[in-house]
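Numbered per my numbering, the sequence shown spans residues 29 to 228. Just so it is clear, CB atoms sit at the ideal spot from N, CA and C, and this is done for glycine as well. Heads up: the structure comes next, in structure tokens.
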Amino acid sequence: FAEDGLWGRLYALGIIMIDNGRFDEAIDILNKSLASIDFDPETWNYLGVAYWNTGRFDEALEAYERALSLDSNYAIVFNNRGSLFLSRFFKDKRSDDLAHAREDFRKAVELDPKYASAWNGLGVSSSQTGDLDDAITALKMAVELKPDFGFALYNLGLGLLGRGDKAEALRSFTRYRDLFSSTLSPRDRAKLDELIAKCR
């Protein structure tokens, strides 16, 4: 029981470190937690998140895979691993990373059909393969589940514009602007205005 108590305190502290962007400290704390109890998939998931945020993709992948070996129906880990593969694709442009990302996002929404973030990830990864119909379907689902989901609204606008659906793209971009204009940098505002102009 003392071991459980130590694990719980370290686990909680590790999550606090992640929430505060102190990822290196979170890695150290969560590894100490896992030295006490190493069979909790959530701890491995959070360790993966911390590694991912420091750019240590291989170690993050190992942590996610360990989490999935303990719980093969953990939608959050599939989403997180999909995000890792997608990040690595944008960095190195490896087609196998894109295929893995799409597969993981599909698995995440299969396990949790109301998982807006995973639908957004599926939409982005599908758009990168050129499958705009699949991308738009997924992104519409993300926005339906979470109408103020900025990433999904913006990505939906891009997908619709890419497919030539200018009127629908305009609705997405203007909704995004109405919700987030005050938080955008001048550069991002200018880019959004450019996209809106292309829809008219």
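If you draw a straight line from the Cα of Asp159 to the Cα of Leu62, it is about 41 angstroms long.
Comparing C-alpha distances from Leu112 to each of Asn101, Ser100, Glu87 shows the shortest one belongs to Glu87. The segment 120 to 128 and the segment 138 to 151 do not touch, with fewer than 3 CB-CB distances between them shorter than 8 angstroms. The beta carbon of Ala163 sits closer than 7 angstroms to the beta carbons of Gly151, Ser154, Ser155, Gly187 from its chain, once the five residues preceding and following it are set aside; these are given in chain order.
Inside the segment 59 to 139, DSSP marks whole alpha helix (DSSP H) runs of 4 or more residues at positions 69 to 81, 85 to 98, 103 to 120, 123 to 139, from first to last along the chain. Annotation for Ala166: Trp147, Leu150, Gly151, Ser154 place their beta carbon closer than 7 angstroms to its own, counting only its chain and skipping 5 residues before and after. Following the DSSP letters along the chain, one finds Phe201 inside the alpha helix (DSSP H) bounded by residues 194 to 208.
Sequence-distant partners of Leu126 (beyond 5 residues in either direction) whose C-beta falls short of 8 angstroms from its own C-beta, in its chain, are Phe113, Leu114, Phe117, Ser153, Gln156, Thr157.
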